[in-house]
Structures are given as structure tokens and as C-alpha cells.
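By the numbering used here, the letter at position 22 of the sequence shown is numbered 22, and the numbering carries on one by one without gaps. Accompanying notes for the structure given below.
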Amino acid sequence: MNEPLSVKITNTERIIWEGTAEAVSSENKDGPFDILPEHANFLTLVSNKPIMIHHAKGSQEFLFKQAIVYVFSDKVSVYVEE
Numbered sequence: 001m002n003e004p005l006s007v008k009i010t011n012t013e014r015i016i017w018e019g020t021a022e023a024v025s026s027e028n029k030d031g032p033f034d035i036l037p038e039h040a041n042f043l044t045l046v047s048n049k050p051i052m053i054h055h056a057k058g059s060q061e062f063l064f065k066q067a068i069v070y071v072f073s074d075k076v077s078v079y080v081e082e
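Right, here's the structure in full:
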């Protein structure tokens, strides 16, 4: 079984959300995407679209003006402008 993703959402001042997740979903200019464990390294810009964090206790939705989503070695970093 795959290990969960490690996810951190931050802005310039604080950590907005941090934890583990089974998947992260959103949409960029090319369309919807899902990030699952063992995902390829990935970098994208998300503008005014929800970012969904799917974890063991359910799902949480975040909406930001802009967000950079960076995936490397099962770590998902989301840098946001609120």
C-alpha cells in the first residue's frame, strides 16, 4: 500500500493547513488534475479554482486567488496568495 502524501499549504505569513492526504485535486489552465502517492514531480499554477485535500477524515476545500502547487517525492507544497 502506498504511503500518504505529505501536504503543506502556506502563505508568506503562516501555515494554513498541514497534514497527510490520500489525494489532492484541483484545476489548472489545462484542466482538472489529481495528485496521488507516487505522482511524478509536478509544478503548476492554480488561479481562482478550488484545491481539494482528500484525507482519512473526509475532504477539505480551499480557494485562493493564486496558488503554486509543487510536488516532489510525495510531498505537496502549495504556496498561496489569498
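Ideal Cβ placement from N, Cα and C applies to all residues, glycine included.
Asked	Found
Status (buried if at least 16 other CB within 10 Å, exposed otherwise) for isoleucine 68	exposed
Identified DSSP bridge partners for lysine 75	Ser6, Phe72
Where glutamate 18 falls: helix, strand or coil (DSSP)	strand
Endpoints, beta strand (DSSP E) assigned at histidine 55	50-55
Identity of the residues DSSP links to proline 32 by a beta bridge	Glu27
Sufficient close CB pairs (3 or more, under 8 angstroms) joining the region 39-50 to the region 10-20	no
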